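Student: My questions all concern the structure below.
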Amino acid sequence: MSNAIYLYVEGVTGECTESQHEGWIDVFSCSWGASQNADTTRGGGGGSGRVSFRDLNIVTAIDNAMPTMLKMCSVGQHISNVKVSICKASGGNPIEFSTFILKDALITDVNIGGSSGSQMLVTYKFQASAVEAHYWKQQSNGGKGAEVAMGFDIKQNKITG
Numbered sequence: 002m003s004n005a006i007y008l009y010v011e012g013v014t015g016e017c018t019e020s021q022h023e024g025w026i027d028v029f030s031c032s033w034g035a036s037q038n039a040d041t042t043r044g045g046g047g048g049s050g051r052v053s054f055r056d057l058n059i060v061t062a063i064d065n066a067m068p069t070m071l072k073m074c075s076v077g078q079h080i081s082n083v084k085v086s087i088c089k090a091s092g093g094n095p096i097e098f099s100t101f102i103l104k105d106a107l108i109t110d111v112n113i114g115g116s117s118g119s120q121m122l123v124t125y126k127f128q129a130s131a132v133e134a135h136y137w138k139q140q141s142n143g144g145k146g147a148e149v150a151m152g153f154d155i156k157q158n159k160i161t162g
């Protein structure tokens, strides 16, 4: 089953026309994660360091959102809410099964590229002060099942949910 990915950036209007994500940005690909600077080679128990959340990387087709996003990056504008919605295509009605939410985010990079005869693409990178990740197992009837979620305040270096 194929996935559809959508990006919401507060203050930005995209060209998505899918009914549940109208005005969002259609996404070709995204990547995001965290790494732990642990050291298990010294001492008795092995210590962990401070988590490092990677930039959220988004690749889209160039659209009407690009100038606003470039402006936000240029002036270092804080964005209170950035959300990635990942949906399963299911008979015309996408079913959201995972989301990433970034709070107090900055656009750290806007890169526009392409070649003659191909679609122009834009890569955006975001950093945030706090993050959330949500996942819902799909039920046999197609609906959302139980949620598994986490939240982390990067500034305070602590779990929030």
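Start counting the sequence shown at 2; every next residue gets the next number (my numbering). Backbone N, C-alpha and C fix where the C-beta goes; we use that ideal spot for every residue, glycine too. None of the values given here were measured: they were computed from a predicted structure.
Where does T100 sit, in a helix, a strand or coil, going by DSSP?
Tutor: The answer is strand: DSSP assigns T100 an E or B state.
Student: Considering only the alpha carbon of each residue, which of M70, F153, Q139 and W33 lies closest to N58?
Tutor: Of the listed residues, the one whose Cα sits closest to N58 is W33.
Student: Contact between the segment 13-20 and the segment 133-151 is defined here as three or more beta-carbon pairs at a separation below 8 Å; is this criterion met?
Tutor: Short answer: they don't touch.
Student: If contacts are defined as beta-carbon pairs under 8 Å, then T61 and V28 qualify, I think. What distance do you get, rounded to the angstrom?
Tutor: Contact holds; Cβ gap of about 6 Å.
Student: How many whole angstroms separate the CB atoms of S53 and N65, which I take to be in contact at a CB cut-off of 8 Å?
Tutor: That pair is no contact at about 33 Å.
Student: If contact is defined by three or more beta carbon pairs under 8 Å, each pair taking one atom from either stretch, is the segment 111-122 in contact with the segment 86-100?
Tutor: Cβ pair count under 8 Å is below three, so no.
Student: Reducing DSSP to helix, strand and coil, say where M73 ends up.
Tutor: DSSP places M73 in helix when its eight states are reduced to three.
Student: Distance, Cα to Cα, A150 vs K138?
Tutor: Going from the Cα of A150 to the Cα of K138 covers about 12 Å.
Student: Taking S30 as the reference, give the member of I160, S3 and T14 with the closest Cα.
Tutor: Of the listed residues, the one whose Cα sits closest to S30 is S3.
Student: What does a CB cutoff of less than 7 Å around G146 pick up in its chain, not counting 5 residues either side in sequence?
Tutor: W137, K138, Q139 and Q140.
Student: Using 8 Å for Cβ pairs, my map puts D56 next to T109. What's the rounded Cβ distance?
Tutor: Right, the Cβ-Cβ distance comes to about 6 Å (below 8 Å), so this counts as a contact.
Student: As a quick exercise: from N112, G24 and H79, pick the residue whose alpha carbon is nearest that of L103.
Tutor: Closest option to L103, Cα to Cα, is H79.
Student: Could you tell me the distance, in whole angstroms, from the CA atom of M70 to the CA atom of Y7?
Tutor: Using only the alpha carbons, I get a separation of about 15 Å.
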